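For what it's worth, our numbering labels the leading residue of the sequence shown as 1, then goes sequentially. Just below is one structure, and these are the notes that go with it.
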Amino acid sequence: MPVALAELGLEFETVHIDLTVPRTKEYLAVNPRGLVPALSYNGEILTESGVISQFLVDAHPSHLEKTSREEGGALQRARYNFFIDTYISKINPHYFASMRGVTAEDREKAGAELVDIVLKEIEPLLQNAGPFFGGSERLTFVEVQTAGFVLRLLTFPKYEDILPKSILAGLEQKTPAFWKWANAISKEKSVTYVWNEKEIAEATLAKIQKTRAA
Ligand SMILES: N[C@@H](CCC(=O)N[C@@H](CS)C(=O)NCC(=O)O)C(=O)O
């Protein structure tokens, strides 16, 4: 969602929610699931980051994605959605598995599987990236929906306790198109402006250590 807001040049006000304590009654009235993000748009409350981004991109036609009525729009949207679905349904389960592994060995094994899945499922879809999806020079809706995961995948192996370091070497060697695409994403201002690496890494490690201990 932050990437969509930045790419669309929309003004917004941020309200921070402390996730280390139970949600307040006020926040549960905004999102009964208690999760962030939520967006208030002209008084309408929207939740679920993917849904919010799709709404913003639909409400503000831009370089990010064609409308379905534009020439080539329906097909472009199908290609974009296929990639996003592939990333979320095929890659993310392995990404989470390689964080949750109880021993370093479990995490190494899941990390190697993750690299193999990127090679099988994602690498073929990025052959014409330029540097972004489908040969685009600017971010597209594909990167809007996947950048947060990609940034985490490139960053967390730097903290050996979160993800194994071998993931980075594996991706660089085995999946050059993914590597180029992911690194291009990680240099974009619209992606990094909300990225506080240390804070996010520490919060993720604390959460994952609880899961590993459970
Ligand atoms: N599917 C939701 C997931 C949102 C989500 O898990 N948000 C995390 C922060 S990144 C959260 O609110 N965690 C608080 C909690 O689980 O109590 C979305 O994409 O919006």
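Glycine included, C-beta positions come from ideal geometry on N, C-alpha and C. Just so you know, these numbers come straight off a predicted model, no measurement behind them.
- Looking at T211, L10 and I162, the one whose alpha-carbon comes closest to that of I200 is I162.
- If you check the CB distance, S98 and I167 come in under 8 Å.
- Proximity of the beta carbon of E48 to ligand 1 is indicated: a heavy atom of the ligand is located closer than 7 Å.
- Rounded to whole angstroms, the separation of the alpha carbons of L151 and K187 is 10 Å.
- Our two residues, Q173 and L28, have alpha carbons roughly 45 Å apart in a direct line.
- Per DSSP, Y80 is one residue of the alpha helix (DSSP H) stretching across G73 to T86.
- Rounded to whole angstroms, the gap between the alpha carbons of P164 and L75 is 38 Å.
- Between K210 and the set R100, S53, L125 and E160, the nearest pair of CA atoms involves R100.
- DSSP, read as helix, strand or coil, puts L8 in coil.
- For L153, the three-state secondary structure derived from DSSP is helix.
- Note: S40 is bridge-paired with I45 in the DSSP secondary-structure output.
- A distance criterion of 7 Å places the beta-carbon of V36 in contact range of ligand 1, judged by its closest non-hydrogen atom.
- Remark: fewer than three beta-carbon pairs, one from each stretch, lie closer than 8 Å, so the stretch 19-37 and the stretch 144-158 are not flagged as touching.
- Between the stretch 173-183 and the stretch 33-41, the count of C-beta pairs closer than 8 Å stays below three; the two stretches do not touch.
- Short of 8 Å from the beta carbon of A78, and not among the five residues preceding or following it, lies no beta carbon of its own chain.
- A6 sits close to S190, with the two beta carbons spaced by under 8 Å.
- Here the alpha carbon of T67 sits roughly 22 Å from the alpha carbon of E11.
- At least one heavy atom of ligand 1 lies closer than 7 Å to the C-beta of L19.
- For L114, the enclosing alpha helix (DSSP H) begins and ends at A104 to I117.
- Annotation: the continuous alpha helix (DSSP H) that includes M99 extends over N92 to R100.
- When the Cα atoms are used, N128 and N92 turn out to be separated by approximately 23 Å.
- In this structure, the CA atom of W195 is about 35 Å from the CA atom of E71.
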